[in-house]
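**Q** In my numbering, the protein residues as written are 2 to 411.
The C-beta atom is built at its ideal place from N, Cα and C for all residues, glycine as well.
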């Protein structure tokens with residue numbers, strides 16, 4: 002059965018909200034290296050910025066359902082964007098004092114992950130059976146923002162304005178988004194969770210936790226490839242540092258293409274078969290990268306791996322929300338713990354192995370995690386009442402795709 006993705010002004014606003022956070026997320030990578038130089042700290046101390054981001058991600062997941070219940074999802078989304086703007090202003094306007102920048106990186110992560118949780122819940126509930134497609138499309142736009150933001154930061158540095166100007170652009174973009182929403186009277190709806198009358202502390206269920214661990218496994222795959230593939234390109238294929246860093250963008254390019262195309266496919270395919278296909282594509286791409294004897298094939302492998310990786314999170318979060326239909330805010334918040342866990346254990350585990358056998362061999366952990374995700378997905382398929390997007394709606398509610406066009410909000 003083919004679902005229909007009916008994009009309303011609210012849908013586009015939600016896409017933009019996610020893209021704004023991802024502008025910061027991908028711009029912050031090169032900023033960390035520049036902060037290290039300004040602060041005169043070691044690589045280890047500089048890397049603690051990413052540790053505080055992981056802790057902030059978990060904090061954002063914990064606080065999101067509480068804030069959504071107290072203030073409502075629309076206020077939380079805009080409040081998170083205001084918090085992100087405030088954090089960016091701290092980076093831009095305040096002295097680069099090391100404890101302060103650590104705090105700011107964690108604070109922005111809290112706001113950002115709470116925003117991500119609100120976005121996926123909003124898209125899942127608004128689009129029903131087409132929820133996975135909407136989430137995938139939103140993440141494609143996020144990838145585009147991720148490609149643009151480092152270029153903007155690089156351009157402002159080249160122009161002599163410094164990295165703060167490139168990062169500070171985000172404050173203006175957030176202001177423009179808020180102004181446009183106010184002028185056009187685009188309001189994110191409260192959603193259906195508030196009317197279910199079901200306790201927010203009930204069990205999330207076996208299917209949810211299986212999906213949670215699936216997100217952990219694929220999260221490790223994504224973060225490890227993103228952080229360590231450049232080292233392999235330099236050590237094994239003779240890339241320069243600059244060329245290796247640029248080549249890793251092939252992963253992000255593949256993810257952007259994969260999410261844009263995956264959004265169309267998700268309207269026609271069930272989540273689990275599509276998830277298995279995404280894992281297979283990731284495995285093929287990794288195999289091509291890992292065995293490549295020449296640079297061109299290695300970069301092509303990273304692009305193919307990005308195509309597969311593209312659908313891991315959109316499908317995983319969609320199935321997680323579908324597995325806990327009466328607690329969408331809490332389900333989305335708890336998923337952020339899995340993201341923080343991936344970010345924490347993935348690089349650490351591969352680093353420990355790489356110290357013993359080298360980075361190239363250590364990357365063989367990637368297919369191990371892909372297989373683990375596939376086994377969990379197979380277990381999910383055998384679990385009674387396995388997740389489906391339709392299950393994410395309250396009883397008696399119809400997904401937008403089932404409504405006539407005239408019934409959709411203008």
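1. Determine contact between the region 206-224 and the region 371-379, defined as no fewer than three beta-carbon pairs at a distance below 8 Å.
2. Using a Cβ-Cβ cut-off of 8 Å (strictly less than) and excluding sequence neighbours within five positions of residue 99, which residues of its own chain qualify?
3. Spatial neighbours of residue 59 within its chain, please: C-beta separation below 7 Å, excluding the five flanking residues on both sides.
4. The alpha helix (DSSP H) with residue 258 in it runs from where to where?
5. Which two residues bound the contiguous alpha helix (DSSP H) that contains residue 296?
6. Does residue 241 come out as helix, strand or coil in the three-state DSSP assignment?
7. Suppose contacts are defined by Cβ-Cβ distances below 8 Å. Is residue 27 in contact with residue 109 by that definition?
8. Rounded to whole angstroms, how far is the Cβ of residue 288 from the Cβ of residue 308, which I believe are closer than 8 Å?
9. Hey, could you find the ends of the alpha helix (DSSP H) residue 1 is sitting in?
10. Across the region 262-273 and the region 349-361, are there enough close Cβ pairs to call them in contact, namely three or more that are closer than 8 Å?
11. Taking its Cβ as the centre, do 16 or more other Cβ atoms sit within 10 Å of residue 283, making it buried, or is it exposed?
12. Give the secondary structure of residue 321 by DSSP, where H, G and I count as helix, E and B as strand, and everything else as coil.
13. Going by beta carbon distance, what residues of the same chain come within less than 7 Å of residue 317, once the five residues before and after it are set aside?
14. What residue does the alpha helix (DSSP H) around residue 126 start on, and which one ends it?
15. With a CB to CB cut of under 8 Å and the five nearest residues on each side skipped, what residues in its chain are close to residue 97?
16. Measuring only the C-alpha atoms, how far is residue 384 from residue 112?
17. Going by beta carbon distance, what residues of the same chain come within less than 8 Å of residue 380, once the five residues before and after it are set aside?
18. Which whole-angstrom value is the C-beta distance of residue 225 and residue 351, which I expect to be below 8 Å?
19. CB-CB under 8 Å to residue 392, same chain, minus the five flanking residues each way: which ones, in chain order?
20. Count the C-beta pairs between the region 135-142 and the region 257-269 that are closer than 8 Å, then say yes if the count reaches three, no if not.
21. Roughly how many angstroms lie between the CA atoms of residue 304 and residue 71, to the nearest whole one?
22. Got a sec, what are the start and stop residues for the alpha helix (DSSP H) residue 82 sits in?
23. For residue 6, which of helix, strand or coil comes out of DSSP?
24. Does the count of Cβ pairs from the region 177-188 and the region 292-300 closer than 8 Å reach three?
25. In whole angstroms, what is the alpha-carbon distance linking residue 280 and residue 117?
26. So, for residue 256: in the same chain, excluding its five sequence neighbours on each side, which residues have a beta-carbon less than 7 Å away from its beta-carbon?
27. Report yes if the CB atom of residue 87 is closer than 8 Å to the CB atom of residue 229, and no otherwise.
28. Grab me the residues of residue 207's own chain with a C-beta within less than 8 Å of its C-beta, minus the 5 sequence neighbours each way, in chain order.
29. Tell me which residues share the same chain as residue 107 and place their Cβ nearer than 8 Å to its Cβ, disregarding the 5 neighbours each side in the sequence.
30. With a Cβ-Cβ cutoff of 8 Å, do residue 62 and residue 334 count as a contact?
31. Would residue 184 be called buried (16 or more neighbouring beta carbons within 10 Å of its own) or exposed?
32. Using a threshold of 7 Å, is the CB atom of residue 21 nearer than that to any non-hydrogen atom of the ligand ZN?
33. Within the continuous alpha helix (DSSP H) that includes residue 291, where are the two ends?
34. Roughly how many whole angstroms lie between the Cα atoms of residue 15 and residue 269?
35. Quick one: residues in its chain with C-beta nearer than 6 Å to the C-beta of residue 17, no 5 flanking neighbours on either side, listed in chain order?
**A** A quick look at the data gives this:
1. Segments in contact, yes.
2. In the chain shown, counting from the first residue as 1, residue 99 sits at position 98. So the list reads 40, 42, 46, once near-sequence residues are dropped.
3. What you label residue 59 is simply residue 58 of the chain shown in a count that begins at 1. The residues are 337, 338, 341.
4. For the purposes of this step, residue 258 is taken as the residue at position 257 of the chain shown. Here the alpha helix (DSSP H) through residue 258 covers 250-266.
5. To locate residue 296, count along the chain shown from 1; it is residue 295. Under the DSSP assignment, residue 296 falls in the alpha helix (DSSP H) whose first and last residues are 296-310.
6. The residue given as residue 241 occupies position 240 in the chain shown. Reduced to three states, the DSSP call for residue 241 is coil.
7. As a first step, residue 27 must be located in the chain shown, where it is residue number 26. As a first step, residue 109 must be located in the chain shown, where it is residue number 108. Cβ atoms of residue 27 and residue 109: not closer than 8 Å.
8. Reading the chain shown from its first residue, position 287 is the one you call residue 288. Reading the chain shown from its first residue, position 307 is the one you call residue 308. By a beta-carbon distance limit of 8 Å, residue 288 does not contact residue 308. Their separation comes to about 14 Å.
9. Any answer about residue 1 is impossible in this case: the structure gives the chain only from 2 up to 411.
10. No contact exists between the region 262-273 and the region 349-361.
11. Indexing the chain shown from 1 puts residue 283 at position 282. The residue is buried, with at least 16 neighbouring Cβ atoms inside 10 Å.
12. Numbered from its first residue, the chain shown carries residue 321 at position 320. DSSP places residue 321 in helix when its eight states are reduced to three.
13. The residue you call residue 317 lines up with position 316 of the chain shown. Cβ within range, chain order: 212, 215, 216, 219.
14. Within the chain shown, residue 126 is the residue found at index 125, counting from 1. 99-128 is the span of the alpha helix (DSSP H), which, as asked, contains residue 126.
15. In the chain shown, the residue the question calls residue 97 occupies position 96. Cβ within range, chain order: 36, 39, 40.
16. Your numbering for residue 384 matches position 383 in the chain shown. Your numbering for residue 112 matches position 111 in the chain shown. Inter-residue distance for residue 384 and residue 112 is about 34 Å (C-alpha atoms, whole angstroms).
17. By 1-based counting over the chain shown, the position of residue 380 is 379. Around residue 380: 211.
18. Sequence index remark: in the chain shown, residue 225 carries index 224 (1-based). Sequence index remark: in the chain shown, residue 351 carries index 350 (1-based). Confirmed, about 5 Å.
19. Position 391 of the chain shown, counted from the first residue, corresponds to residue 392. Unreliable positioning characterises residue 392 in this predicted model, as indicated by a pLDDT of 40, which lies under 50. The coordinate reading is nonetheless provided below. Around residue 392, the same chain offers 323, 324, 326, 386 as residues with beta carbons nearer than 8 Å, after the five sequence neighbours per side are excluded.
20. Yes, they touch.
21. Translated into positions along the chain shown, residue 304 becomes position 303. Translated into positions along the chain shown, residue 71 becomes position 70. Our two residues, residue 304 and residue 71, have alpha carbons roughly 43 Å apart in a direct line.
22. In the chain shown, residue 82 corresponds to position 81, counting from 1. Here the alpha helix (DSSP H) through residue 82 covers 74-94.
23. On the chain shown, residue 6 is found 5 positions in, with the first residue counted as 1. It is coil, neither helix nor strand.
24. Touching, no, given that fewer than three Cβ pairs across the two stretches are closer than 8 Å.
25. Within the chain shown, numbered from 1, the residue matching residue 280 stands at position 279. Within the chain shown, numbered from 1, the residue matching residue 117 stands at position 116. Cα-Cα distance, rounded: 23 Å.
26. Numbered from 1 along the chain shown, position 255 holds the residue referred to as residue 256. If the five residues before and after residue 256 are omitted, its C-beta is found closer than 7 Å to the C-beta atoms of 144, 307, 310, 311, all from its own chain and listed in chain order.
27. For the purposes of this step, residue 87 is identified with residue 86 of the chain shown, where counting begins at 1. For the purposes of this step, residue 229 is identified with residue 228 of the chain shown, where counting begins at 1. Taking 8 Å as the Cβ cut-off, residue 87 and residue 229 do not qualify as a contacting pair.
28. Position 206 of the chain shown, counted from the start, is the residue given in the question as residue 207. Exclusion of the five residues before and after residue 207 leaves 384 as the residues of its chain whose Cβ lies within less than 8 Å of its Cβ.
29. Residue mapping note: residue 107 aligns to position 106 of the chain shown, counting from 1. If we look at residue 107 and ignore the five residues flanking it on each side, its Cβ neighbours are 53, 54, 56, 57, 60.
30. Start at 1 with the first residue of the chain shown, and residue 62 comes out as number 61. Start at 1 with the first residue of the chain shown, and residue 334 comes out as number 333. Yes.
31. In the chain shown, counting from the first residue as 1, residue 184 sits at position 183. By the 16-neighbour rule on beta-carbons within 10 angstroms, residue 184 is exposed.
32. Ligands in the displayed structure: none, and consequently the ligand ZN is not present.
33. Along the chain shown, read from residue 1 onward, the residue named residue 291 stands at position 290. Here the alpha helix (DSSP H) through residue 291 covers 272-292.
34. In the chain shown, the residue the question calls residue 15 occupies position 14. In the chain shown, the residue the question calls residue 269 occupies position 268. A direct Cα-Cα distance of roughly 23 Å separates residue 15 from residue 269.
35. Counted from its first residue, the chain shown places residue 17 at position 16. Around residue 17: 178.
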